[in-house]
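Have a look at the structure below, then the notes.
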Amino acid sequence: MPQPPSPRARFGIRFALLARRWRRALDARLAEAGLTDATWVPLVHLDETGGGLSQKDLAALVGVDGSSLVRVIDILARQDLVERRPDPADGRTRRIHLTRDGQARVAQIRDELTRAEAVLLADLSDNEIGQILERFERIEQRLDDLNAREDLQT
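In UniProt numbering, the protein residues as written are 1 to 154.
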């Protein structure tokens, strides 16, 4: 009888699958409020960073290619949730900012996320969640370090 895989061997696939399920659960909750993952994620990133991101930087945070994000930004701009402003240092670059309506929409998104996460995390204490977040930060830092090394090699 084969030995069950070690926790380290199981971690990556479990983490990836859990992240996918988590995202689907949040997307379903936000869809009920009329939001799609294509639109709510960029809005939250703009809010968390204070806005003023280039399309390229926002695309990297969202995890999509620039051309896909341009279409989303166009939709959000038509809804008066974001606006493009010229970069004072480089007139060719446009910086993406939340409008007042965009800030209000982010507040709605955060309310929905809070309600959804309260259900999803109901059986975990704040201390346990804090420990999980600390581990995420260590993993994220390791990924950042590896990416920085790869950037230096190219």
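Even for Gly, the Cβ is constructed at its ideal location relative to N, Cα and C.
Exercise. Taking the alpha carbon of Ala28 as the point to measure from, which residue in Arg115, Asp151, Ile13 has its own alpha carbon closest?
Worked result: Within the sequence shown, residue 28 is the residue found at index 28, counting from 1. Checked all of Arg115, Asp151, Ile13; the closest Cα to Ala28 is Arg115.
Problem set entry | Straight-line Cα distance separating Arg85 from Thr93 | Indexing the sequence shown from 1 puts residue 93 at position 93. Indexing the sequence shown from 1 puts residue 85 at position 85. One C-alpha to the other measures close to 9 angstroms.
Exercise. Can you tell me whether DSSP reads Asp57 as helix, strand or coil?
Worked result: Within the sequence shown, numbered from 1, the residue matching residue 57 stands at position 57. Note: Asp57 maps to helix in three-state DSSP.
For this session: Give the DSSP-derived three-state secondary structure of Thr49 in the structure shown.
Result: As a working mapping, residue 49 is identified with position 49 in the sequence shown. The answer is helix: DSSP assigns Thr49 an H, G or I state.
For this session: Buried or exposed for Thr36, please, with buried defined as at least 16 other CB atoms from any protein chain shown within 10 angstroms of its CB.
Result: Stepping through the sequence shown from its first residue, residue 36 is reached at position 36. That one is exposed.
Problem set entry | Beta-carbon proximity check, Asp87 vs Arg95, cutoff 8 angstroms | Locating residue 87 in the sequence shown gives position 87, where the first residue counts as 1. Locating residue 95 in the sequence shown gives position 95, where the first residue counts as 1. Cβ atoms of Asp87 and Arg95: closer than 8 angstroms.
Exercise. How would you write the range of the alpha helix (DSSP H) that Val119 sits in, first residue to last?
Worked result: Within the sequence shown, residue 119 is the residue found at index 119, counting from 1. Looking at the DSSP string, the run of the alpha helix (DSSP H) that includes Val119 is 100-120.
For this session: Could you tell me which residues DSSP pairs with Ile96 in its beta bridges?
Result: Your numbering for residue 96 matches position 96 in the sequence shown. Answer by DSSP bridge pairing, in chain order: Leu53, Arg84.
For this session: With Asp145 as the anchor, note down where its alpha helix (DSSP H) starts and where it stops.
Result: Along the sequence shown, one-based indexing puts residue 145 at 145. Looking at the DSSP string, the run of the alpha helix (DSSP H) that includes Asp145 is 126-153.
Problem set entry | Asp65 in three-state terms, based on DSSP | For the purposes of this step, residue 65 is identified with residue 65 of the sequence shown, where counting begins at 1. Here Asp65 sits in coil by DSSP.
Problem set entry | N-terminal and C-terminal residue of the alpha helix (DSSP H) that Ala25 is part of | The residue you call residue 25 lines up with position 25 of the sequence shown. Here the alpha helix (DSSP H) through Ala25 covers 7-32.
Exercise. Which partner residues does Asp37 have in the DSSP bridge list?
Worked result: Position 37 of the sequence shown holds residue 37. Beta-bridge pairing links Asp37 to no other residue.
For this session: Under the assumption that Trp40 contacts Ile132 (Cβ atoms under 8 angstroms), give the Cβ distance between them as a whole number of angstroms.
Result: Position 40 of the sequence shown holds residue 40. Position 132 of the sequence shown holds residue 132. Incorrect: roughly 23 angstroms between the Cβ atoms, too far for contact.
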